[in-house]
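Below is one structure, written out as structure tokens; the observations come after it.
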Amino acid sequence: MKRFFLCLVLLLTNFWAKSQQDSILLNVKLNEDKKSITIEQVLIYHNPHQKSINKIKLLNWVAAYQKRRTPLLKRKVEDRKKDLYFAKDNQLGKLENLKYSYGNTSSEILNKTQENIFIPLSEPLESGKRIKLNLKYQIQLPDARFTGYGVDVNKIVLKYFFLVPETYETENQSNSFYRDIEETANAGSFWKVDFQVPQNWKIYSNLNQKSDLAFEGQSINDPEFQLSNEIYPEFSVDIDGQKINIQLGYQVSEYQRQILNSVLSNHLKFIKARIGNLPNKLFITQKFLNKEEFIGIDDIKFWKFKYQLFTDYEKTDLDYFSVISKKIMDDYFITNKTNDHWLKNGLKSYLEIQYLKNFYPNHQLLGNLPDNAKIFGIKPLKLFHASKLKLSERYGLAYHYISTQNLDQKIDTPFHQLSNFNTTAISQFEMGNLLNYISEYQGTDSFDFSLKSYLSSTYGTKTTGKDFLNNLDKFTSGKSIFLNQVMSEKHRINFNLKNFKEQNQDYLVHIKDKNATNIPLKIESETKNDEKKTYWKEGNYKVKDTLSIPKENVNKIVLNDNYAFPEANFRDNYLYTKGLFSNTKKIRFKLVKDVQNPEYNEIFLTPRLTFNAYDKVLLGLNFKNQGIFDQKFDYSFTPYYSTGTGKLTGSGAIGYSILPPNSFFRSWNFAVSGSYFHYNTNLAYKRFGAGTSINFNKNPRSAIGRSLYFSYNYYDRELTPLMIENNLYSKYNLWNLGYSYSDNRLIHEKYISTNLQWMEDFQKISAEAFYRWEFSKDKKISFRWFAGYFIKNETKNALFNYGLSRVSNYSFSYGLLGQSATSGILSQQFILAEGGFKSMFNTSVNQFITSLNVDSHLWKWFNLYADAGFYKNKNRATQFIWDSGIKVKVVPDFLEVYFPVASTLGFEPGFKNYGYRIRYTLVLNLGALINNLRRGVY
106 MKRFFLCLVL LLTNFWAKSQ QDSILLNVKL NEDKKSITIE QVLIYHNPHQ
156 KSINKIKLLN WVAAYQKRRT PLLKRKVEDR KKDLYFAKDN QLGKLENLKY
206 SYGNTSSEIL NKTQENIFIP LSEPLESGKR IKLNLKYQIQ LPDARFTGYG
256 VDVNKIVLKY FFLVPETYET ENQSNSFYRD IEETANAGSF WKVDFQVPQN
306 WKIYSNLNQK SDLAFEGQSI NDPEFQLSNE IYPEFSVDID GQKINIQLGY
356 QVSEYQRQIL NSVLSNHLKF IKARIGNLPN KLFITQKFLN KEEFIGIDDI
406 KFWKFKYQLF TDYEKTDLDY FSVISKKIMD DYFITNKTND HWLKNGLKSY
456 LEIQYLKNFY PNHQLLGNLP DNAKIFGIKP LKLFHASKLK LSERYGLAYH
506 YISTQNLDQK IDTPFHQLSN FNTTAISQFE MGNLLNYISE YQGTDSFDFS
556 LKSYLSSTYG TKTTGKDFLN NLDKFTSGKS IFLNQVMSEK HRINFNLKNF
606 KEQNQDYLVH IKDKNATNIP LKIESETKND EKKTYWKEGN YKVKDTLSIP
656 KENVNKIVLN DNYAFPEANF RDNYLYTKGL FSNTKKIRFK LVKDVQNPEY
706 NEIFLTPRLT FNAYDKVLLG LNFKNQGIFD QKFDYSFTPY YSTGTGKLTG
756 SGAIGYSILP PNSFFRSWNF AVSGSYFHYN TNLAYKRFGA GTSINFNKNP
806 RSAIGRSLYF SYNYYDRELT PLMIENNLYS KYNLWNLGYS YSDNRLIHEK
856 YISTNLQWME DFQKISAEAF YRWEFSKDKK ISFRWFAGYF IKNETKNALF
906 NYGLSRVSNY SFSYGLLGQS ATSGILSQQF ILAEGGFKSM FNTSVNQFIT
956 SLNVDSHLWK WFNLYADAGF YKNKNRATQF IWDSGIKVKV VPDFLEVYFP
1006 VASTLGFEPG FKNYGYRIRY TLVLNLGALI NNLRRGVY
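In the working numbering, each residue carries its 1-based index in the sequence shown increased by 105.
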């Protein structure tokens, strides 16, 4: 009897759900231009709200493809993609000729440029009631290069273009916008779509295909259709009697086809064993493949060289397992991807981790590269710790990398607010790693059984992240409750193995934790023969705790090995039980920067080679404790041998950073530093400094940075007798207080800074503003304004004056190859600072200066530049000067050559010494070049 009532309840519940399901019936005609479609649509809409409504909201997301301030355009610019910004009108998407009717009412929508269209109702539609809408409209399809959807070379991909009600519409029917993040538009509705396309064209879709031109079914994920005159690969796999069709939307090589025939069955069986159900059909587009393939296993190509990390079989296997697992999760249940993105992404990463454990347990993060990369028969990459990391450790490493920069975000951050890197490191990797941690704690088989039971119950229905966490908490008897804390904050959890004491036949290990309330601990003991035993300690609320581990020839005790749990610091997770380093960490020297091995206190040794006019070639060796990952405490010392003087020179610095997870600043840095080099022939200088800077908090998706800094520097310069006679400065102190604002976004780049500098004999204030505008694709114009004023100037000479065309590098902060050069090619080096004039005005400024520098694209590598400004020296009239010329961009912002043409001095190419007047910029800072190239990654 109980079973009968249970079945009856389930039947009635299912019937009620079906009766509340929206239906979208479409007749889609591809027009002759093959760039637009005509749609006749019937929408049966149910009011999902708890109140009556007077209008129906429909998503018109094709309107996002416009050259105006749409969220889509903003995101593309943030990602440093400018195709949409500079698109032509015929490449954009738009809605045209929208007419609607219901009952006896018919009308036309005039404003079709908004992403949310509201259909007014003649009378209120009560909660749960339905209405039938008839729609007719045309859509001009956008170019597919913007988002992967629209018109491509040999195909048309349709997704997010039709007028549909929003699945997760708010009670107040607020606006929703398209950002190209695979957000949930309409899921859970019944779709029936009939196409009219030219002869020999084929249609592919994630909906069930009823005939060549007809598709229908419930949409677990937003429907997508691909129209093409090509025939794409299709695979049919039988899993436990269920026939599963895998349709690709792109071509693959014959070898890849053979590999897929071999691995797809294994993928599906593996996934089904852990989640319970599989959809009957999977449709994979080129965009989905590019977005969801396994990260970090592609071949490395450099010039004519190619290094393969993994075999073609392994790459195809891993890529398609990643793609298939995510596609299945997308088509498994309905979720709000904006808020619960971590659910499907985390489950995908969890499945990947289990797959790696089963089939790639000993594969390294760098694959076969350490063995394949040889120089004269030597395998240099074998020396790196990175070559010893397991492929499965990438999940913890990615989170650790971003968290050490304090640029991580909460897991439950809305997806569109996550930075590009965090969409992978946080939403996928960190969440997957946490699920794997709980799996190991509970036992993988037991965890997978629970996961399978829960997912099977949600197959084809709506679910939420909260429901998933509640079920997980119930299964673990409350032991996974820490997930709620970890996911809702930028956590800085840290476990610390303090020390151990011998106690009879055991080691009593003392553990301290920070912000790790109620989190279970994974501890391993290891012998010299690499025999390992794992111990788990249940989570509790103690800050300090102990755990007894049997001695049993244990040589090492490890907490949270292989980055198993995403904690803030892994360097305090190792203890040795025997030898000189018992109860402490070993010291290790490593050649060249590497991924830090948390087991050791590492010192990285890196050869350095540099040059200046007085030390000539400088041969050095850098000692530093910081590898790939940032550290709060870091030091760097570089002694050099000066081939020009035969003496030792060098520099060094010690720094410490405060990185609060939640504060008005991202980092507060403190540093002391010193250097000793030559600034003139046989003349050296010493510099000792201390400073602090605050980098204010920022939106991780934003290119805006703000910082406040304060510094003190002491200088001691060697002088010749003539310099002493001319009353030049030998020793002086410099104090600086400044603020900078930068916005490195694409199209509109801005920089503003102010600085107050003083010493015993002067006080001066300056301000600088820079703006660069890309007015046409790859064509830019920049404006720079500078103003400087001496509040007090009682200096003995011109050392501290503002420069017009050459800076006085008294702070030794500019990268001048010839610090004191007054002739020759080294004197022609140009630094865009202070006056910023390119023509040689052999004077400096001791009262005030203001200048404007303009630089504009001309043709290919060539730019036009012009500078103008006023300056005034003491007891002299204000002067106006200007110059102009042509700039050649060899490497923009790093190697550029200036050819002056006309200036206050006259027509400069006509001067006899014109070659001396040519200027150049040369920035020998590889780190700055790399940072410039990777903008937009984070």
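We treat Cβ as the ideally placed atom computed from N, Cα and C, and that holds for glycine.
With DSSP as the reference, label residue i as helix, strand or coil.
{"i": "Thr1026", "result": "strand"}
{"i": "Tyr834", "result": "coil"}
{"i": "Arg792", "result": "strand"}
{"i": "Gln413", "result": "coil"}
{"i": "Ile628", "result": "strand"}
{"i": "Gln347", "result": "strand"}
{"i": "Ser532", "result": "helix"}
{"i": "Ser263", "result": "Sequence inspection shows Leu at residue 263; the Ser mentioned does not correspond to that position. In the structure shown, Leu263 sits in a strand (DSSP, three-state: E or B)."}
{"i": "Ser522", "result": "It is worth fixing the name first, because residue 522 is Gln in this sequence and not Ser. Here Gln522 sits in helix by DSSP."}
{"i": "Val302", "result": "coil"}
Could you name the residues of the same chain whose beta carbon sits closer than 7 angstroms to that of residue i, not counting the 5 residues immediately before and after it, in chain order?
{"i": "Tyr460", "result": "Phe375, Phe426"}
{"i": "Val114", "result": "For Val114, the pLDDT reaches just 38, beneath the cut-off of 50, and the residue's location in the model is therefore unreliable, although a value from the coordinates is still provided. Excluding residues within five positions, none has a Cβ falling inside 7 angstroms."}
{"i": "Met106", "result": "Residue placement at Met106 is flagged as unreliable, the pLDDT there being 42, under the threshold of 50; the coordinate-derived value follows with that caveat. Answer for Met106: no residue qualifies."}
{"i": "His521", "result": "Arg284, Ile286, Thr443"}
{"i": "Ser430", "result": "Ile376, Lys453, Leu456, Glu457"}
{"i": "Ala503", "result": "Thr529, Ala530, Phe534"}
{"i": "Pro805", "result": "Leu512, Gln514, Ser524, Asn527, Tyr1043"}
Just to confirm my understanding: we take residue i, look at its own chain, exclude 5 residues before and 5 after, and list those with CB closer than 6 angstroms. What are they?
{"i": "Phe223", "result": "Lys160, Lys162"}
{"i": "Phe775", "result": "Tyr761, Thr797"}
{"i": "Tyr254", "result": "Val262, Lys264"}
{"i": "Gln533", "result": "Asn450, Ser454"}
{"i": "Pro1014", "result": "none"}
{"i": "Phe875", "result": "Tyr856, Arg889"}
Where do the N-terminal and C-terminal ends of the alpha helix (DSSP H) with residue i fall, by residue?
{"i": "Thr927", "result": "Run containing Thr927: none; DSSP gives neither H nor E here."}
{"i": "Lys656", "result": "Segment: none, Lys656 is in no alpha helix (DSSP H) and carries neither H nor E."}
{"i": "Trp447", "result": "442-464"}
{"i": "Ala378", "result": "359-380"}
{"i": "Asn525", "result": "525-529"}
{"i": "Gln391", "result": "391-397"}
{"i": "Arg499", "result": "499-508"}
{"i": "Ile543", "result": "536-547"}
{"i": "Asn477", "result": "474-477"}
Taking the beta strand (DSSP E) that residue i belongs to, which residues open and close that run?
{"i": "Pro270", "result": "Note, Pro270: premise wrong, no beta strand (DSSP E); not H, not E."}
{"i": "Arg822", "result": "809-822"}
{"i": "Pro176", "result": "No beta strand (DSSP E) holds Pro176; the alpha helix (DSSP H) holding it covers 176-183."}
{"i": "Glu321", "result": "319-323"}
{"i": "Tyr719", "result": "Neither: Tyr719 is in no beta strand (DSSP E) and is coded neither H nor E."}
{"i": "Ile158", "result": "158-164"}
{"i": "Ser141", "result": "141-151"}
{"i": "Trp408", "result": "Neither: Trp408 is in no beta strand (DSSP E) and is coded neither H nor E."}
{"i": "Leu71", "result": "One cannot answer for residue 71 here, as it falls past the ends of the chain, which runs 106 to 1043."}
{"i": "Thr639", "result": "637-642"}
Give me the DSSP bridge partner(s) of residue i.
{"i": "Phe895", "result": "Lys869"}
{"i": "Pro744", "result": "Gly755"}
{"i": "Trp863", "result": "Trp840, Gln868"}
{"i": "Gly1011", "result": "Ser1008"}
{"i": "Pro712", "result": "Leu726"}
{"i": "Tyr856", "result": "Ser847, Phe875"}
{"i": "Arg693", "result": "Glu707"}
{"i": "Gly760", "result": "Asp739, Ala776"}
{"i": "Tyr781", "result": "Gly755, Lys791"}
{"i": "Asn800", "result": "Ser772, Ser812"}
Just to confirm my understanding: we take residue i, look at its own chain, exclude 5 residues before and 5 after, and list those with CB closer than 8 angstroms. What are they?
{"i": "Gln356", "result": "Glu335, Tyr337, Pro338"}
{"i": "Glu657", "result": "Ser630, Thr632, Lys638"}
Would you please verify whether the beta carbon of residue i is less than 8 angstroms from any beta carbon of chain D?
{"i": "Ser524", "result": "In the structure shown, chain D does not exist; there is a single protein chain."}
Practice item. Any chance you could list the beta strand (DSSP E) runs of at least 3 consecutive residues sitting entirely within the segment 192-237, in chain order? Key: Taking only runs of at least 3 residues, the beta strand (DSSP E) segments lying wholly in the segment 192-237 are 199-207, 210-213, 221-230.
Check your understanding: Along the chain, which unbroken stretches of the alpha helix (DSSP H) at least 4 residues long are found entirely within the segment 555-620?
Key -> Qualifying alpha helix (DSSP H) stretches, in chain order: 570-580, 587-592.
Review point. Quick one: complete beta strand (DSSP E) runs, 3+ long, within the segment 900-985?
Key: Taking 3 residues as the minimum length, the beta strand (DSSP E) runs contained wholly in the segment 900-985 are 953-964, 967-977, in order along the chain.
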